[in-house]
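Novice: Residue numbers (the numbering used here): 2 to 452.
Even for Gly, the Cβ is constructed at its ideal location relative to N, Cα and C.
Bear in mind the structure is a predicted one, so any value in this text is a computation, not a measurement.
Encoded as structure tokens, here's the structure I'll be asking about.
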Amino acid sequence: MRTLWEVFHLFVCVILSRFNAVTSVTFVENGNNLTLNPNINGKPEDILWTFNEHKVADYYLNEFEAYGQFKGRSWIEITTGQLTVHHMTSQDSGIYKSEIQIDGKNQKSENEVQVIDAVTSVTFVENGNNLTLNPNINGKPEDILWTFNEHKVADYYLNEFEAYGQFKGRSWIEITTGQLTVHHMTSQDSGIYKSEIQINGKNQKSENEVQVIEALQEPVVTCKLTTESKTLFCSASSNSKISFEWTGSNSTQHSKQELNISKEEKPEAVFTCTVKNEVSQKNTSFTLKDCNKDELYDPQKDMKTMLPDIFVIIGAIILGIAAVFICLIYKKINKDSLLLDTRTSGVKTNDDVQESLIDGKKYELSEIEAQSKFKTNDSEQRIKVSEDGENKEQEITDAENMSKEMELDETSKALSDNPDPDKDLHDSEDDEHEIGEAQDLTGPAQANSSK
């Protein structure tokens, strides 16, 4: 039994030894100093501080020494074991451990440190008002610079002041405090303002967020009546977050937008609604007797009023569906009738074509008969003309034959008189040629005379 107790005791001691150092989280603003206290009991003999298992500083054999990134900016208080680190940066975030020997035994501590950026405060300004930002510096400024969304607002450098951009002519820097003042703020001036002020060769920085918002208008209070209670509703327009507050006859404050009032309240009771934002506040008072009883809210009455509208909507939907069906049926009927008319018109068209063909044939026959009659008359006239022509042609032929006989006689006589046949032949050809030209000349004359 004793053996089991010893084992249990040993187990508890091991567990407690594992959790001997309690870890706490310490937040430090970027650029500020860090101080860690190990909370020891007794006088330290040897002191060691580490950061993420690397040496920060130690005190050993009455000598102090700092290491790495902490060299030249850390110190150990030998009477308390307290560690101080100056000008903390984001690279200094991590786990800091101490191991301090007192009376031959080590006492340990552990701290988690987080280095965070400077806390930005929000300043609200009413549209049209002036802005004043104070950097809260220590010492006399040498150089001063203010920026807005990373652009210059104004600076004081080498004893000269200058403003820039949209802030020119309406901003000023107080050189003894570094305070910035901007007149006639507008919504375009909302943003991040930063200061960088040099004092004794070192820069001190600050940062402010500025929001320019509109002033509130007076709120509007309306009353809603039911058969059991009255409800007051407060409304206000704003481009920023607003809060509501009700005060009334019973001096009870309510922070909601609506206020329910019991039936026991007298009509003369007055309730006030106050609205607030970061730059202004407005209020409006309301008397219960101003509630219009004609506007008494009755859910059943509203339902009765809505029923006719519901029926009208349903009826309109049914009529719309019926109209669609009727339209479809009408289109179907028109389509069928159009098809039937097309077929009927096709039959009539064929009959008309046949009739037109018959009429055409009749017309062609009548034309043929007329042409045949014309040809008959023309042929008869031609026969008469041909008979007269034949008589005249016979006379011309007889004359030609007589002339040819006379030429032959002359030719034969010439041959008998002329022994040179070639010459006679040549002369004969010339004569024949002259005779032919004479005939050509007499021919048309004869034709004209016969006509």
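1) Is there contact between the region 260–278 and the region 242–249, where contact requires at least three CB pairs shorter than 8 angstroms?
2) So, with DSSP's three-state summary, where would you put Asp310?
3) Relative to the alpha-carbon of Gly166, which residue among Asp144, Tyr158, Gln189, Gly179 has its alpha-carbon at the smallest distance?
4) Measure the CB-CB distance between Gly82 and Phe52 and report whether it falls below 8 angstroms.
5) Let me confirm a value: Cys328 is counted as buried when at least 16 other C-beta atoms fall within 10 Å, else exposed. Which label applies?
6) From the DSSP output, in three-state form, read off Asp47 for me.
7) Ignore the nearest five residues each way along the sequence and tell me which others in Val354's own chain have a CB closer than 6 angstroms to its CB.
8) Which ranges would you report for the alpha helix (DSSP H) in the region 197–234 if only whole runs of at least 4 residues count?
9) Val222: buried (16+ other C-beta within 10 angstroms of its C-beta) or exposed?
10) Look at the Cβ atom of Asn261, then the Cβ atom of Thr228, and state whether they are nearer than 8 angstroms.
11) May I ask you to verify whether the region 123–135 touches the region 69–76, counting CB pairs closer than 8 angstroms and requiring at least 3?
12) What residues in its chain sit with their C-beta under 8 angstroms from that of Gly170, if we drop five residues either side in the sequence?
13) So, helix, strand or coil for Thr178, using DSSP?
14) Among the candidates Ile214, Ser281, Asn204, whose CA atom is the shortest distance from the CA of Ile145?
15) Could you pull out every unbroken beta strand (DSSP E) segment of at least 3 residues lying fully inside the region 49–118, listed in chain order?
16) Identify the residues that DSSP records as bridge partners of Leu134: which are they?
17) Under three-state DSSP, which class holds Gln258?
18) Within its chain, find whatever has a CB closer than 6 angstroms to the CB of Ser99; leave out the 5 residues flanking it on each side and keep chain order.
19) Out of curiosity, what's the CA-to-CA distance linking Thr27 and Asp118?
20) Might you give, ordered along the chain, the residues of its own chain that have their beta carbon closer than 6 angstroms to the beta carbon of Ile1, omitting 5 neighbours on each side?
21) Roughly how many angstroms lie between the CA atoms of Gly73 and Ile103, to the nearest whole one?
22) If you follow the beta strand (DSSP E) that Ala237 is in, where does it begin and where does it stop?
23) Which residues share a DSSP beta bridge with Tyr194?
24) Alpha carbon to alpha carbon, what distance is there between Ser256 and Gly179?
Specialist: Straight from the coordinates:
1) At 8 angstroms Cβ cutoff, the stretches touch.
2) Helix.
3) Closest by alpha carbon: Gln189.
4) No.
5) It counts as exposed.
6) In the displayed model, Asp47 falls within a strand according to three-state DSSP.
7) For Val354, the predicted structure reports a pLDDT of 45, less than 50, and the residue's modelled location is therefore unreliable. A value from the coordinates is still provided. Nothing meets the Cβ criterion.
8) Runs found: none.
9) Classification for Val222: buried.
10) The Cβ atoms of Asn261 and Thr228 lie no closer than 8 angstroms to each other.
11) Counting Cβ pairs under 8 angstroms, fewer than three are found: no touch.
12) Cβ within range, chain order: Ala164.
13) Three-state DSSP puts Thr178 in coil, outside helix and strand.
14) Nearest C-alpha to Ile145: Asn204.
15) Note on the region 49–118: whole beta strand (DSSP E) runs with a minimum of 3 residues are 55–61, 64–67, 75–78, 83–86, 95–103, 106–117, in chain order.
16) According to DSSP, Leu134 bridges with Leu181.
17) It is coil, neither helix nor strand.
18) Non-local C-beta neighbours of Ser99 in its own chain, meaning closer than 6 angstroms and more than five positions away in sequence, comprise Pro39, Trp50, Ser110, ordered along the chain.
19) Straight-line Cα distance between these residues: approximately 14 angstroms.
20) With the chain running from 2 to 452 in the structure shown, residue 1 is simply not present.
21) About 27 angstroms.
22) Under the DSSP assignment, Ala237 falls outside any beta strand (DSSP E); it carries neither an H nor an E label.
23) Here Tyr194 is bridged, per DSSP, to Phe149, Asn209.
24) Straight-line Cα distance between these residues: approximately 40 angstroms.
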